[in-house]
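S.K.: Can you read through this structure? Questions will come right after.
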Amino acid sequence: MPEVIIYGQQLRIGLFEPKYDGTEFRVLDVGEPGKLQFVRMLDKKTGEWTTQSIRLNLADYDKWEDVVKDLERVKHMIDEKTYRQAYELAKDFYEKYVVPVIQKEKKGV
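Its first residue numbered 92, the sequence shown is counted upward by one per residue in our numbering.
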């Protein structure tokens, strides 16, 4: 089953099981560069590109509301359970690691 994980500063939402057979892939930015990305993989059998996963670079968001907006943009691509898991994981990470950095920057530390 595809997974939802935090990898570095990224929330990664898998749509399909990854294939590690040398498959060619591309990362496409959606909206602002670096924030919301689709990982597209080339199916060697059909020659078609499919979206394998979705990434959100959480450290690049200034407000939690913007993270939620981008999660809402891709909600139609994932089931409700995966969406809730992604939301909770992103929220925990954002509050624990991103908010303190934003607060320090505002204070000028």
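Glycine is no exception: its CB is placed at the ideal position from the N, C-alpha and C atoms.
Would you check if there are 3 or more beta carbon pairs closer than 8 Å linking the region 152–169 to the region 92–108?
M.R.: yes
S.K.: Under the DSSP definition of a beta bridge, which residues are partnered with residue 141?
M.R.: 132
S.K.: Please list, in chain order, all residues of the same chain as residue 144 whose beta carbon is under 7 Å from its beta carbon, the five residues on each side excluded.
M.R.: 103, 104, 105, 106 and 130
S.K.: In this structure, how does DSSP classify residue 202 when only helix, strand and coil are distinguished?
M.R.: A question about residue 202 goes unanswered here, because the residues of the chain that appear run from 92 up to 200.
S.K.: Exposed or buried, which one is residue 161 when buried takes at least 16 other CB atoms within 10 Å?
M.R.: buried
S.K.: Report the option in 147, 152, 178 and 155 whose CA atom is closest to the CA atom of residue 119.
M.R.: 147
S.K.: Whose C-beta lies closer than 8 Å to the C-beta of residue 193 among residues of the same chain, with five residues either side of it excluded?
M.R.: Taken in chain order, the residues that qualify are 153.
S.K.: Quick one: is residue 190 buried, meaning 16 or more other Cβ sit within 10 Å of its Cβ, or exposed?
M.R.: exposed
S.K.: Expressed to the nearest angstrom, what Euclidean distance is found between the alpha-carbon atoms of residue 199 and residue 123?
M.R.: 25 Å
S.K.: Who are residue 104's beta bridge partners in DSSP?
M.R.: 95 and 145
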